[in-house]
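Protein chains in written order, with this note's numbering: chain A, 1 to 220; chain B, 1 to 485.
All remarks here apply to the structure that follows.
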């Protein structure tokens, strides 16, 4: 791809202009550029840049969401084309997400999901008010690399512990990494309940997943 | 809607003004300068020894000629501070002798390098519309203490300056410096860079120095800012209302002298009133009554349509602690709600005895809150929420709405990482956060734009004056020379 096109794709994600992002993807496909190249050189670096900007407090939540939406719009154009060409992009990993039982807070977890998708992960979002049993069932069904358990309240935060205990009971704990997040969650709490990691915000959660899976790859 | 605070009802304000006019007539005011007494006498005031009894009509005429609005200009000639109306600006506290050493956490005499550091930090903080000649540099002889501060501020800053002279002779030196920096006295008159604080001595005494200062400033066209300092219970009536009357009388007396010297010259209704703490004998600048005095005095000035000033944001704590946060944060918000044009005092601790760059940075956060507060709650559109719900329904995805992305910047104020909002930096204590922030701000500092020829003139002027008082080296001058190249 020409550097001009790459710059335009990058800018469409940074600006959060979904239509432009999608249009650029369409044009690139029409020009015969392999969709994998479009994703890896055009859009993924842009999303990484956006994540860094957010971590440095240079852009804000609504901006980052708009960026992720633009990324998603481009991916919606590119993914069918990948399938059509039989070159389906290997997911960077699979993640199951959900908010604990009794907690109906959506936004933090949804943001993590959006960002993980934008970074090439396959995400199964179980939604809110998810029981420990449901988490275990979905781990069995999807065989994810990571389970992310979110909680916004100090009361429902205990549910994160229950999810881990139940995974142990069901004999699934060693098959999956468990990460926790949410406003009241601290690193100390994560360690106390035996989670594999904690992210203070959505960008940190993505970095955490990347780190955990890298380590796993090395271990294997 | 701009939120506003009003401590005095209009009937009380009228009583304050009526009694202030009465005080001007009896007992009258003490005036030290022969020139000022001559002006008063010629205009019809009774003068007996150094006491002048000023008829109400004379003071009212003076009030009528005071400009309701004027600007201070930055080094590049832009109007940067609007005096008048409900405009609110902040500047660091002034003329402090000590600095809280960031390493030892103990006060020590302030040096030129401390003032330079504070000016550079204040330069990078948009919360401060003006600089002040914040410290007296103890590494230069006291006879040049006032103008040397101004030289350093002009050298390192592009912002307007709130300053003041320590003697009639050095006022001239300071005006000369400003004239050089502005490229001529006409430029200085047309676009004043500085305002000079002038302090009557309570009660009701315009000393020789202070009244002469008023006259010279009026004639030079450089704005004067009256800093009347009734000390309730000691040098002023113990009641807050009584002290506010005395403040008004001192201001009216000063304005009369000033306007007689040059009708239409810019002057500010300002002050640093305080209470005397009857339990300790201290003058707590962070007390709620001191704040109330400042607000009440400013309200009286505003009722007359005059530009206003107050001395707040300071704390009596000796450290940057919870007390400092309470006292400074509280008065910052209240001063802004009152619509005081220039609020001085940020950075100051320990009954105004100690300055702190770190506290200045913390106070800037309080000012950020205050600026957001007076921006008020804005409807932003015809529909407050119904249109928004038309878009999201019960799904609740407000975060993804375009209007969220467009409007959140105007709705939310974002403090720096000095404020603990659970970012990585905030995991450190306040001292570490401030240390990080000082370094960050100093790294962002950009030297003031100034023509090299003007810099050379300022330097030559300073060297000549310093040698005249026996100083062979100018502290901070190596840096100044380096900045010249």
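C-beta: ideal position from N, C-alpha, C; glycine also.
As the structure is a prediction and not an experimental result, all values here were calculated from the model.
Residue 174/B lies in the alpha helix (DSSP H); which residues open and close that run? Position 174 of the second chain, counted from the start, is the residue given in the question as residue 174/B. Run containing residue 174/B: 168-182, per the alpha helix (DSSP H) assignment.
Simplified DSSP state of residue 420/B, which is helix, strand or coil: As a working mapping, residue 420/B is identified with position 420 in the second chain. Looking at residue 420/B - three-state DSSP - the assignment turns out to be coil, as it is neither helix nor strand.
Using a Cβ-Cβ cutoff of 9 angstroms, what residues of the stretch 445-458 of chain B are near chain A? List them in chain order. Listed by position along the chain: nothing, the set is empty.
Assuming residue 42/A and residue 115/A are in contact, meaning their beta carbons sit under 8 angstroms apart, how far apart are those beta carbons, in whole angstroms? By 1-based counting over the first chain, the position of residue 42/A is 42. By 1-based counting over the first chain, the position of residue 115/A is 115. The C-beta distance from residue 42/A to residue 115/A rounds to 18 angstroms, too long to fall under 8 angstroms, and the pair is not in contact.
Buried or exposed for residue 485/B, going by 16 or more other Cβ atoms inside 10 Å? Taking the second chain and counting its residues from 1, one reaches residue 485/B at position 485. The predicted model places residue 485/B with a pLDDT of 43, which falls under 50 and marks its position as unreliable; any figure quoted below should be read in that light. By the 16-neighbour rule on beta-carbons within 10 angstroms, residue 485/B is exposed.
Within 10 angstroms of its Cβ, does residue 71/A collect 16 or more other Cβ (buried), or is it exposed? Residue 71/A sits at position 71 when you count from the first residue of the first chain. By the neighbour-count rule (16 or more Cβ atoms within 10 Å), residue 71/A is buried.
Assuming residue 265/B contacts residue 218/B under a Cβ cut-off of 8 angstroms, what Cβ separation, rounded to an integer in Å, is found between them? One-based indexing of the second chain puts residue 265/B at position 265. One-based indexing of the second chain puts residue 218/B at position 218. Residue 265/B to residue 218/B, Cβ: 4 angstroms. Contact.
Looking at the structure shown, is residue 385/B part of a helix, part of a strand, or coil, going by DSSP? For the purposes of this step, residue 385/B is taken as the residue at position 385 of the second chain. Coil at residue 385/B, not helix or strand.
Residue 60/A touches chain B at which residues, Cβ-Cβ below 9 angstroms? Residue numbering aside, residue 60/A sits at position 60 when the first chain is read from its first letter. Chain B residues near residue 60/A: 405, 408, 409, 412, 414.
Are there 16 or more other CB atoms within 10 angstroms of the CB of residue 87/A, so buried, or fewer, so exposed? Start at 1 with the first residue of the first chain, and residue 87/A comes out as number 87. Looking at its Cβ environment, which holds fewer than 16 other Cβ atoms inside 10 Å, residue 87/A is exposed.
Mind pulling the chain A residues with CB within less than 8 angstroms of residue 394/B? Here residue 394/B refers to the residue found at position 394 of the second chain. None at all; the shortest Cβ gap to chain A is about 12 angstroms.
Whether or not the stretch 152-172 of chain B and the stretch 440-448 of chain B are in contact is what I'm after, with contact meaning three or more pairs of Cβ atoms, one per stretch, closer than 8 angstroms; do they touch? Here the stretch 440-448 of chain B lies against the stretch 152-172 of chain B, with 3 or more beta-carbon pairs under 8 angstroms apart.
Taking the beta carbon of residue 214/A as the centre, do at least 16 other beta carbons fall within 10 Å, making it buried, or is it exposed? Reading the first chain from its first residue, position 214 is the one you call residue 214/A. Its Cβ having fewer than 16 others within 10 Å, residue 214/A is exposed.
Range of the contiguous beta strand (DSSP E) that encloses residue 225/B: What you label residue 225/B is simply residue 225 of the second chain in a count that begins at 1. DSSP places residue 225/B in the uninterrupted beta strand (DSSP E) bounded by 224-226.
For residue 136/B, which option in 320/B, 171/B, 92/B, 96/B has the closest C-alpha, if you only look at C-alpha atoms? For this step, residue 136/B is matched to residue 136 along the second chain. Closest in C-alpha terms to residue 136/B, from the list 320/B, 171/B, 92/B, 96/B, comes 96/B.
Quick one: what does DSSP say residue 378/B is sitting in, helix, strand or coil? Stepping through the second chain from its first residue, residue 378/B is reached at position 378. Coil, per DSSP.
To which residues of the same chain is residue 41/B closer than 7 angstroms at the C-beta, ignoring the five residues directly before and after it? What you label residue 41/B is simply residue 41 of the second chain in a count that begins at 1. If you ignore the 5 residues before and after residue 41/B, its C-beta comes within less than 7 angstroms of the C-beta of 47, all in its own chain and listed in chain order.
Looking only at its own chain, which residues have a Cβ that is under 6 angstroms from the Cβ of residue 194/A, when we skip the five neighbours before and after it? The residue labelled residue 194/A in the question sits at position 194 within the first chain. Hits under 6 angstroms: 164.
Below 8 angstroms, can you find three or more Cβ-Cβ pairs linking the stretch 24-44 of chain B to the stretch 223-233 of chain B? Pairwise C-beta distances place the stretch 24-44 of chain B out of contact with the stretch 223-233 of chain B, as fewer than three of them are shorter than 8 angstroms.
Residue from 379/B, 324/B, 339/B, 334/B with nearest C-alpha to residue 362/B: Sequence index remark: in the second chain, residue 362/B carries index 362 (1-based). Residue 362/B has its Cα closest to that of 324/B, out of 379/B, 324/B, 339/B, 334/B.
Under 7 angstroms between C-beta atoms, does residue 107/A make it to chain B? Residue 107/A sits at position 107 when you count from the first residue of the first chain. For residue 107/A, the answer is yes, since a Cβ of chain B falls inside 7 angstroms of its Cβ.
Just the chain A side, please: which residues come within less than 9 angstroms of residue 399/B by C-beta, in chain order? Sequence index remark: in the second chain, residue 399/B carries index 399 (1-based). Going along chain A in sequence order, the residues near residue 399/B (Cβ under 9 angstroms) are 61, 62, 65, 107, 110, 111.
Taking the straight line between their C-alpha atoms, what separation do you get for residue 210/B and residue 15/A? Within the second chain, residue 210/B is the residue found at index 210, counting from 1. Within the first chain, residue 15/A is the residue found at index 15, counting from 1. Spanning the two alpha carbons is a distance of roughly 58 angstroms.
Contact check, residue 171/B vs residue 354/B, beta carbons under 7 angstroms: Working through the second chain from its first residue, we reach residue 171/B at position 171. Working through the second chain from its first residue, we reach residue 354/B at position 354. Their beta carbons are not under 7 angstroms apart, which means residue 171/B does not touch residue 354/B by this criterion.
What first and last residue would you give for the alpha helix (DSSP H) that runs through residue 9/A? Here residue 9/A refers to the residue found at position 9 when the first chain is read from its first residue. Here the alpha helix (DSSP H) through residue 9/A covers 3-15.
Let me check you understand the geometry: is the CB of residue 154/B closer than 6 angstroms to at least one non-hydrogen atom of the ligand PLP? You won't find the ligand PLP in this model; it holds no ligand whatsoever.
Reference residue 18/B; option with closest CA among 164/B, 181/B, 249/B: Numbered from its first residue, the second chain carries residue 18/B at position 18. With distances taken between Cα atoms, residue 18/B lies closest to 249/B.
Rounded to the nearest angstrom, what separates residue 67/A and residue 340/B at their Cα positions? Translated into the one-based positions of the first chain, residue 67/A becomes position 67. Translated into the one-based positions of the second chain, residue 340/B becomes position 340. Distance between the alpha carbons of residue 67/A and residue 340/B: 42 angstroms.
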